[in-house]
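A.B. asks: Using numbering that gives the first Met the number 0, read the sequence shown as starting at 0 and increasing by one per residue. Note that the Cβ used here is the ideal one computed from N, Cα and C, for glycine as well. Note that the structure is a prediction, hence the values are computed from the model and not measured.
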Amino acid sequence: MGIQKNLIHCNADTKAILTFLCEQSNSLYNCGVYWARQIFFKTGRIISKFDPVYEIGKNIHAIAMPSVPAQQTLLSVSEAFKSFRGLRELFFKKELNQKPKAPNYRKSGGMFKVSYPNTGAGRPTLVDGLIRFPLGLQINRWFQVKEFFLPLPTNLDFVKVKEFTILPKNGEFYLECSYSIEPVTVKLDINQALSIDLGTSSNLMACVDTKGNSFLVDSRQAKSMNQLFNKRIANHKEGKPHAYWDSFLDQLIRKRNHQMRDMVNKAARIAVNHCLTYSIGTIVVGWNQGIKNGSDMGRKSNQQFVQMPLAKLKERIKQLCFLYDIRYVETEEANTSVASYLDGDSLPEHGQKKDGWKASGKRIKRGLYRTKNGNLINADLNGAANILSKVARNLGVDLSRLCRRCLTTAGRIKIWATKVNSFRKNPRAFTPRSWSSVN
């Protein structure tokens, strides 16, 4: 399932309709959460999927909305409590450290999404290239308005769209289109692997593969954008209360979110395109759960680490792996940055380091690692190689071609200076090195 999000440009009348619908959806969601919380606190029972629809369906806020979007809002309450049930089960199995709390209310007077499924009664229709959204009988009686129109994105087929969602975010409205994507069949070798070390220094990703290739995805431009964003926020809020907010800050947030989302999509595509180019069927990602929790590395370092969306990048890589039938493996990366891959150091897991364990090499400065024999290699590529060596035996991959050469010299890819092709749209573009631009 793919999701495309487009910023809505509309007149004042349409914006007033969207505001009314999203405010009613927010109030209806809070009513559903209140009822579900009372059921849980008084009886210990967690609601099932359609319970809110039957019990809250006659609420004034549900009546003020079209029936199908109102049902979708109440189903969102059910989904929240379904996740709560799953977390409780993990907690009682001792697989979760903190006891989960019941879903809480949204901010009073705020706005929540409004969803229109593209099936059944009350579905949107296509009229002269515009999507017609019905508003229902009650709104027509109150305001003499029975519909509103939004343009259909030109690159989407209306029939293939499964759901349209009006999403209020940062002072604007977005149209989210959920559509089906056909799986892409590509012949790949599952015994060949690409290892990815997600970083926050000068490299967003350090990548090595079992064929002896390596490359670095640059993150300095993204960090510069993030730093400028923080600076402009601080300058604008200088002398104002901590909770101060206005439309200018909403605009800054939107721009920064769009930049980070673009970075995540392009970086993930670069990694997957490398696999498609060299017929690599496995991706290994190093990840430590909760790596950012309680991080306190100073004001400057925290900007470069905590605010970089590494978890979103990891999830995007995972989504693309599912699309192209690439095996995705996630492993913890304890001691991978201090151990020497070329010297064959053991890699104990977190908390299992034996007394007297010591790495053969040493990281002498940022980006540079010195092995036991005095060889200088890239520190991030050394970490990526160690991540792969942690799971090599279980995956059955051969590391004989992963040698000092690929840990010493690597191309650096600048995200916004690289044309990133999509295999699904342009499969002929995938000849060796055709996708990359080494700077």
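Following the continuous alpha helix (DSSP H) through Y28, name the residue where it begins and the one where it ends.
C.D. replies: In the sequence shown, the residue the question calls residue 28 occupies position 29. Note, Y28: alpha helix (DSSP H), A11 to T42.
A.B. asks: Is S294 helix, strand or coil by DSSP?
C.D. replies: Residue 294 sits at position 295 when you count from the first residue of the sequence shown. Note on S294: pLDDT 49, under 50, position unreliable in the model; the coordinate value appears next. Reduced to three states, the DSSP call for S294 is coil.
A.B. asks: Starting from T330, follow its DSSP beta bridges and name the residues at the other end.
C.D. replies: Counted from its first residue, the sequence shown places residue 330 at position 331. DSSP, once it has assigned bridges, lists G285 as partnering T330.
A.B. asks: Consult DSSP for V67 and reduce its assignment to one of helix, strand or coil.
C.D. replies: Here residue 67 refers to the residue found at position 68 of the sequence shown. V67: helix per DSSP, three-state reduction.
A.B. asks: Considering only the alpha carbon of each residue, which of N225, L155 and N10 lies closest to K252?
C.D. replies: As a first step, residue 252 is located in the sequence shown; it is residue number 253 there, counting from the start. In the sequence on display, residue 252 carries Ile and not Lys. Among N225, L155 and N10, the Cα nearest to that of I252 is on N225.
A.B. asks: Would you give the residue range spanned by the beta strand (DSSP E) that D188 belongs to?
C.D. replies: As a working note, residue 188 is residue 189 in the sequence shown. Note, D188: beta strand (DSSP E), D188 to L197.
A.B. asks: Whole angstroms are fine: how far does the CA of Q250 sit from the CA of A243?
C.D. replies: On the sequence shown, position 244 is the one that residue 243 refers to. On the sequence shown, position 251 is the one that residue 250 refers to. The amino acid occupying residue 243 in the given sequence is Tyr; Ala does not appear at that position. For Y243 and Q250, the distance between alpha carbons rounds to 14 Å.
A.B. asks: So, with DSSP's three-state summary, where would you put D217?
C.D. replies: Here the question's residue 217 lines up with position 218 in the sequence shown. Note: D217 maps to strand in three-state DSSP.
A.B. asks: Do Y173 and N372 count as a contact pair if the criterion is CB distance below 8 Å?
C.D. replies: In the sequence shown, counting from the first residue as 1, residue 372 sits at position 373. In the sequence shown, counting from the first residue as 1, residue 173 sits at position 174. Cβ distance not < 8 Å, so N372 and Y173 don't count as in contact.
A.B. asks: Which residue marks the beginning of the alpha helix (DSSP H) containing F247, and which one marks its end?
C.D. replies: As a working mapping, residue 247 is identified with position 248 in the sequence shown. Looking at the DSSP string, the run of the alpha helix (DSSP H) that includes F247 is S246 to T276.
A.B. asks: Relative to the alpha-carbon of L319, which residue among A11, K159 and I282 has its alpha-carbon at the smallest distance?
C.D. replies: Taking the first residue of the sequence shown as 1, we reach residue 319 at position 320. When each option's Cα is compared against that of L319, the closest is I282.
A.B. asks: Would you please state the rounded distance, in angstroms, between the beta carbons of E277 and N377? I believe it to be under 8 Å.
C.D. replies: Along the sequence shown, read from residue 1 onward, the residue named residue 277 stands at position 278. Along the sequence shown, read from residue 1 onward, the residue named residue 377 stands at position 378. According to the sequence shown, residue 277 is Tyr rather than Glu. Incorrect: roughly 20 Å between the Cβ atoms, too far for contact.
A.B. asks: Terminal residues of the continuous alpha helix (DSSP H) containing P51?
C.D. replies: In the sequence shown, the residue the question calls residue 51 occupies position 52. Per DSSP, P51 belongs to the alpha helix (DSSP H) from D50 to I55.
A.B. asks: Assuming A383 and D261 form a contact by the criterion Cβ under 8 Å, report the distance between their Cβ atoms to the nearest whole angstrom.
C.D. replies: Within the sequence shown, residue 383 is the residue found at index 384, counting from 1. Within the sequence shown, residue 261 is the residue found at index 262, counting from 1. Actually they do not touch by this definition, with Cβ atoms about 24 Å apart.
A.B. asks: According to the neighbour-count rule (16 or more other Cβ atoms, all chains shown, within 10 Å of its Cβ), is T209 buried or exposed?
C.D. replies: Counted from its first residue, the sequence shown places residue 209 at position 210. With 16 or more Cβ atoms within 10 Å of its Cβ, T209 is classed as buried.
A.B. asks: Rounding to the nearest angstrom, what Cα-Cα distance links F304 and L227 in this structure?
C.D. replies: Looking up residue 304 in the sequence shown gives position 305. Looking up residue 227 in the sequence shown gives position 228. Low confidence applies here, because F304 scores a pLDDT of 48, under 50, leaving its location unreliable; read the following figure in that light. Between F304 and L227, the C-alpha separation is close to 15 Å.
A.B. asks: Output the distance between the C-alpha atoms of N169 and K361, rounded to the nearest integer angstrom.
C.D. replies: Translated into the one-based positions of the sequence shown, residue 169 becomes position 170. Translated into the one-based positions of the sequence shown, residue 361 becomes position 362. Computed Cα separation, rounded: 46 Å.
A.B. asks: Quick one: give me the first and last residue of the alpha helix (DSSP H) that I386 is part of.
C.D. replies: As a position in the sequence shown, residue 386 is number 387, starting the count at 1. Counting along the chain, the alpha helix (DSSP H) containing I386 begins and ends at A378 to L394.
A.B. asks: In the structure shown, what three-state DSSP assignment does F304 receive?
C.D. replies: Here the question's residue 304 lines up with position 305 in the sequence shown. With a pLDDT of 48 at F304, under the threshold of 50, the predicted position of this residue should be treated as unreliable, and no value is reported.
A.B. asks: State yes or no: is the C-beta of I180 within less than 8 Å of the C-beta of G280?
C.D. replies: Numbered from 1 along the sequence shown, position 181 holds the residue referred to as residue 180. Numbered from 1 along the sequence shown, position 281 holds the residue referred to as residue 280. Going by C-beta atoms, I180 is not nearer than 8 Å to G280.
A.B. asks: If I45 and R84 are in contact, beta carbons under 8 Å, what's the gap, nearest whole angstrom?
C.D. replies: Counting from 1 along the sequence shown, the entry for residue 45 is found at position 46. Counting from 1 along the sequence shown, the entry for residue 84 is found at position 85. Their Cβ separation, rounded to whole angstroms, is 5 Å, which keeps I45 and R84 in contact under 8 Å.
A.B. asks: When the Cα of H8 is compared with those of P152, D379, A391 and N287, which residue comes out closest?
C.D. replies: As a working mapping, residue 8 is identified with position 9 in the sequence shown. Out of P152, D379, A391 and N287, P152 has the C-alpha closest to the C-alpha of H8.
A.B. asks: Look up N202 in the DSSP assignment and give the residues it is bridged to.
C.D. replies: Position 203 of the sequence shown holds residue 202. Answer by DSSP bridge pairing, in chain order: D217.
A.B. asks: When the Cα atoms are used, what is the spatial distance from W141 to Q71?
C.D. replies: The residue you call residue 141 lines up with position 142 of the sequence shown. The residue you call residue 71 lines up with position 72 of the sequence shown. About 22 Å.
A.B. asks: For L134, name the three-state secondary structure that DSSP assigns.
C.D. replies: In the sequence shown, residue 134 corresponds to position 135, counting from 1. In the structure shown, L134 sits in coil (DSSP, three-state: anything other than H, G, I, E or B).
A.B. asks: Strictly by DSSP, which residues pair up with K364?
C.D. replies: Here residue 364 refers to the residue found at position 365 of the sequence shown. Per DSSP, L367.
A.B. asks: Look up P167 in the DSSP assignment and give the residues it is bridged to.
C.D. replies: Numbered from its first residue, the sequence shown carries residue 167 at position 168. F172.
A.B. asks: For D208, write down the residues that DSSP places opposite it in a beta bridge.
C.D. replies: Counted from its first residue, the sequence shown places residue 208 at position 209. Beta-bridge pairing links D208 to L193.
A.B. asks: I'd like to check one pair, V207 with L275: are the Cβ atoms closer than 8 Å?
C.D. replies: For the purposes of this step, residue 275 is taken as the residue at position 276 of the sequence shown. For the purposes of this step, residue 207 is taken as the residue at position 208 of the sequence shown. Their beta carbons are not under 8 Å apart, which means L275 does not touch V207 by this criterion.
A.B. asks: Exposed or buried, T370, counting other C-beta atoms within 10 Å across all chains shown (16 or more means buried)?
C.D. replies: Taking the sequence shown and counting its residues from 1, the one referred to as residue 370 is at position 371. Looking at its Cβ environment, which holds 16 or more other Cβ atoms inside 10 Å, T370 is buried.
A.B. asks: Cα separation between K311 and C176?
C.D. replies: Taking the first residue of the sequence shown as position 1, residue 311 is located at position 312. Taking the first residue of the sequence shown as position 1, residue 176 is located at position 177. Their Cα atoms are separated by approximately 20 Å.
A.B. asks: Whole angstroms are fine: how far does the CA of T330 sit from the CA of A120?
C.D. replies: Working through the sequence shown from its first residue, we reach residue 120 at position 121. Working through the sequence shown from its first residue, we reach residue 330 at position 331. One C-alpha to the other measures close to 46 Å.
A.B. asks: In angstroms, rounded to a whole number, what distance separates the CA positions of T408 and N287?
C.D. replies: The count along the sequence shown starts at 1 and reaches residue 408 at position 409. The count along the sequence shown starts at 1 and reaches residue 287 at position 288. Looking at the two C-alpha atoms, the distance is approximately 27 Å.
A.B. asks: Nearest by alpha-carbon distance to K81: which of K48, Q143 and L136 is it?
C.D. replies: Mapped onto the sequence shown, residue 81 falls at position 82. Of the candidates K48, Q143 and L136, the one whose C-alpha sits nearest the C-alpha of K81 is K48.
A.B. asks: In chain order, what residues of the same chain have a beta carbon less than 8 Å from the beta carbon of Y33, not counting five sequence neighbours either side?
C.D. replies: Stepping through the sequence shown from its first residue, residue 33 is reached at position 34. Same-chain partners within the cutoff: Y104.
A.B. asks: Based on the DSSP output, what are the partners of Q3 in its beta bridges?
C.D. replies: If you number the sequence shown from 1, residue 3 lands on position 4. Per DSSP, C176.
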